[in-house]
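Engineer: Sequential numbering of the sequence shown, starting at 2, is according to this note's numbering. There's a structure below that I have some questions on.
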Amino acid sequence: MSFTTRFAPSPTGHLHIGHAFSAWTAFRAACEAEGRFILRMEDIDTVRCKREFEPVILDDLIWLGLDWEEPVRRQSEHFDDYARVLERLEALGVIYRCFKTRREIMEDIARAPHEVGEVYRGPLEPMSVDEEASRMAAGEAFAWRLSLARCRDLLGPRFSAMRYIEDGAGEQTANPDPLGDVILARKDVGTSYHIAVVHDDALQGISHVIRGEDLRAMTPLHVLLQTLLDLPTPVYRHHRLLLDENGERFAKRNKSVTLKSLRESGVSPDEVRSRFAT
2 MSFTTRFAPS PTGHLHIGHA FSAWTAFRAA CEAEGRFILR MEDIDTVRCK
52 REFEPVILDD LIWLGLDWEE PVRRQSEHFD DYARVLERLE ALGVIYRCFK
102 TRREIMEDIA RAPHEVGEVY RGPLEPMSVD EEASRMAAGE AFAWRLSLAR
152 CRDLLGPRFS AMRYIEDGAG EQTANPDPLG DVILARKDVG TSYHIAVVHD
202 DALQGISHVI RGEDLRAMTP LHVLLQTLLD LPTPVYRHHR LLLDENGERF
252 AKRNKSVTLK SLRESGVSPD EVRSRFAT
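Take a look at the structure:
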């Protein structure tokens, strides 16, 4: 299997040094393996993502010393692909429309027979076909949720047997239970990060997913989707997060640590890369 990895920023603002660390980590891994490095724009959030940020992101990455294969895939140009994934999951019977508000979800969690503060695990009783049709006809907002209970029924023993490889740590159990019934799409946005990333990683032949520690908890969900959709499961590597002087993650709102501001202030790429070793 050839080594192929990617960096997939969301163009909601300028890249900060934390993004640079993630991009450089993936790029160096591809270089060391004599593999492929792909750049993808995760811009399914058509409200927050702006095309105007893309040229700056590209300039930042070139300045940092990266290069990648063309063309760059923009997820906003492929909503039809993700709609077909959702249709497949609906045909499998593992997703359902959830009309509950955030407040109603929190009330359900509090009433459920498990510890308060856990995640939403679906309604106690499924909504009737008539009620669902009525609410659809009324134009009510809804979210498509993945039912872990239905997934468990469909997959049988395969559900508890799901595994993935964490680079450097070996085989891991993929247990999505702590995430509950996650949202995979909404009425007005026909996909989510989870669907788009699983589809695109398979489509682009990603063999190694290299991303921040903050996304480690999502891996079992992605393995579950790969299992349901008969897609390959990549090797995962979750790197540490760079923190600011207050011990907090870097954020796009912190303008002083964007790559654009650093390079405009005369900081060299070598100086930026030197921070990655600390």
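Don't be surprised by glycine CBs; every beta carbon is placed ideally from N, CA and C. If you're wondering where the values come from, they're calculated on a predicted model, not measured in any experiment.
Hey, is the region 95 to 108 in contact with the region 57 to 67, meaning 3+ C-beta pairs nearer than 8 Å?
Structural biologist: In short, these stretches do not touch, since the Cβ pair count stays below three.
Engineer: From residue 110 to residue 43, what distance separates their C-alpha atoms?
Structural biologist: Using only the alpha carbons, I get a separation of about 31 Å.
Engineer: Between the region 195 to 205 and the region 245 to 252, are three or more C-beta pairs nearer than 8 Å?
Structural biologist: Touching, no, given that fewer than three Cβ pairs across the two stretches are closer than 8 Å.
Engineer: Count the other C-beta atoms from every protein chain shown that fall within 10 angstroms of the C-beta of residue 61, then say buried if there are 16 or more, exposed otherwise.
Structural biologist: When all chains shown are included, residue 61 counts as buried.
Engineer: Tell me whether residue 174 is buried or exposed, calling it buried when 16 or more other Cβ atoms sit within 10 Å of its Cβ.
Structural biologist: Label assigned to residue 174: exposed.
Engineer: Secondary structure at residue 197, three-state DSSP: helix, strand or coil?
Structural biologist: Residue state, collapsed to three classes: helix.
Engineer: Straight-line CA distance for residue 101 to residue 143?
Structural biologist: Roughly 7 Å separates the two Cα atoms.
Engineer: Can you check the region 96 to 129 for any alpha helix (DSSP H) of at least 4 residues that lies completely inside it and give the ranges in chain order?
Structural biologist: The qualifying runs are 103 to 112.
Engineer: In whole angstroms, give me the CA-to-CA distance for residue 258 and residue 30.
Structural biologist: Spanning the two alpha carbons is a distance of roughly 24 Å.
Engineer: With DSSP as the reference, identify every bridge partner of residue 74, one or two as the case may be.
Structural biologist: Residue 74 is bridged to 41.
Engineer: In the structure shown, what three-state DSSP assignment does residue 8 receive?
Structural biologist: If DSSP states are grouped into helix, strand and coil, residue 8 belongs with the strands.
Engineer: Assess contact between the region 160 to 175 and the region 221 to 231, defined as three or more Cβ pairs (one per stretch) separated by less than 8 Å. Is contact present?
Structural biologist: With a cut-off of 8 Å, the region 221 to 231 and the region 160 to 175 count as touching, because enough Cβ pairs lie within range.
Engineer: Answer with buried or exposed for residue 182, where buried requires no fewer than 16 other C-beta atoms within 10 angstroms of its C-beta.
Structural biologist: Under this definition residue 182 is a buried residue.
Engineer: Would you say the region 34 to 54 touches the region 70 to 87, given that touching needs at least three Cβ pairs under 8 Å?
Structural biologist: Touching, yes.
Engineer: What is the DSSP secondary structure of residue 236, reduced to helix, strand or coil?
Structural biologist: Residue 236 falls in the strand class under three-state DSSP.
Engineer: Assign residue 85 to buried or exposed, taking buried as 16 or more other Cβ atoms, counted over all protein chains shown, within 10 Å of its Cβ.
Structural biologist: Exposed is the call here.
Engineer: On a CA-only basis, which of 12, 6, 24 is nearest residue 273? Give me that one, please.
Structural biologist: Considering only alpha carbons, the answer is 24.
Engineer: Spatial neighbours of residue 160 within its chain, please: CB distance less than 7 Å, with the 5 preceding and 5 following residues excluded, ordered by chain position.
Structural biologist: Same-chain partners within the cutoff: 152, 153.
Engineer: Just verifying my parser: in three-state terms, what is the DSSP assignment at residue 209?
Structural biologist: Strand at residue 209.
Engineer: Just to confirm my understanding: we take residue 57, look at its own chain, exclude 5 residues before and 5 after, and list those with CB closer than 7 Å. What are they?
Structural biologist: So the list reads 15, 261, once near-sequence residues are dropped.
Engineer: Is the Cβ-Cβ distance between residue 211 and residue 6 less than 7 Å?
Structural biologist: Yes. Within cutoff.
Engineer: Check this for me: beta carbons of residue 8 and residue 27, under 7 Å apart or not?
Structural biologist: It is a contact, given that the beta carbons lie within the stated cut-off.
Engineer: Relative to the C-alpha of residue 140, which residue among 250, 121, 187, 155 is closest?
Structural biologist: It is 187 whose Cα lies nearest to the Cα of residue 140.
Engineer: Rounded to whole angstroms, what's the CA-CA distance from residue 79 to residue 221? Just pull it up for me.
Structural biologist: Rounded to the nearest angstrom, the two C-alpha atoms are 24 Å apart.
Engineer: Could you pull the start and end residues of the alpha helix (DSSP H) that residue 89 belongs to?
Structural biologist: That run of the alpha helix (DSSP H) goes 80 to 93.
Engineer: Under the three-state reduction of DSSP, which class applies to residue 49: helix, strand or coil?
Structural biologist: It is coil, neither helix nor strand.
Engineer: In whole angstroms, what is the alpha-carbon distance linking residue 270 and residue 213?
Structural biologist: Roughly 21 Å between the two C-alpha positions.
Engineer: Which of helix, strand or coil does DSSP assign to residue 244?
Structural biologist: Correct three-state label for residue 244: strand.
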